[in-house]
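Residue numbers (my numbering): 5 to 229. Following: one structure in structure tokens, then a few remarks.
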């Protein structure tokens, strides 16, 4: 019984910490949005697949060329993977990304009448779509509860102390669902990206100017040191 009480107490502490992190990051980054440029849900699916091991900035340089040549789900579905690869090659992993985009668009065209589905189960059936991509679509496009566990989210959550040495994306997502209000998840993950790029940079976190420094586990240890 004592173990359960301890676990419950720790969970409540993490919930309080999460709410304070949300409050401060909202103030610091009031405009929370996806950093990938897109107009339609299918374009977001394409962009997030291209963003694997590639910067959003480079993706946003390449996608206008791709969408100009193939301006619809149907157009991309009809394209050969080699045609797609020719354009997306600068994003890296060209063959696999082109193959996934082709397969995804064909499935959207043939089975979903060019409409991106709005459930996790259906999204995960699409080629090249994992939980991160699916959550991004659910949160940004459909306004549903979502937590996008990208590298910024995973790194910051471990540094702050929202999770304890958990690095696997699905496990981080499960832990965060326990402590983050559903309606806050999507925007919080976007703010983690903003904060990770501006302040909590991977190689040298700028703890001295961080709005979370007094409540962050890593920041507090740095101050104590």
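For each residue, glycine too, the CB sits at the ideal point set by N, CA and C. As the structure is a prediction and not an experimental result, all values here were calculated from the model.
query	result
Whether or not the region 29-36 and the region 175-195 are in contact is what I'm after, with contact meaning three or more pairs of Cβ atoms, one per stretch, closer than 8 Å; do they touch?	yes
Quick one, which of 74, 57 and 95 has its alpha-carbon nearest residue 63's?	95
For the 8 Å Cβ check, are there 3 or more pairs between the region 129-146 and the region 102-115?	yes
Which whole-angstrom value describes the C-beta separation of residue 52 and residue 142, a residue pair presumed to lie in contact below a C-beta threshold of 8 Å?	With a Cβ gap of about 12 Å, residue 52 and residue 142 do not count as contacting.
What are the complete alpha helix (DSSP H) segments, minimum 4 residues, inside the region 127-180?	135-144 and 155-164
Give a yes or no on whether the C-beta atoms belonging to residue 204 and residue 160 are separated by under 7 Å.	yes
Within a Cβ cutoff of 6 Å, which residues of the same chain sit near residue 146, ignoring the five residues on either side of it in sequence?	122
Run the CB neighbour count on residue 12, radius 10 Å, all protein chains shown included, and call it buried at 16 or more, exposed below.	exposed
Using DSSP with H/G/I as helix, E/B as strand and the rest coil, what is residue 207?	coil
In this structure, how does DSSP classify residue 119 when only helix, strand and coil are distinguished?	coil
Assuming residue 120 and residue 136 are in contact, meaning their beta carbons sit under 8 Å apart, how far apart are those beta carbons, in whole angstroms?	Actually they are not in contact, since the Cβ atoms of residue 120 and residue 136 sit about 15 Å apart, beyond 8 Å.
Measuring CB to CB, does residue 163 end up less than 7 Å from residue 222?	yes
Identify whether residue 222 lies in helix, strand or coil by the three-state DSSP scheme.	helix
What does a CB cutoff of less than 7 Å around residue 69 pick up in its chain, not counting 5 residues either side in sequence?	91
Buried or exposed for residue 168, going by 16 or more other Cβ atoms inside 10 Å?	exposed
When you compare the CB positions of residue 19 and residue 219, do they come within less than 7 Å of one another, or not?	no
Give me the residue from 72, 88, 55 and 155 with the minimum Cα distance to residue 173.	155
Which residue marks the beginning of the alpha helix (DSSP H) containing residue 3, and which one marks its end?	The shown model of the chain, from 5 to 229, leaves out residue 3, and the question about it has no answer.
Three-state secondary structure (DSSP) at residue 17?	helix
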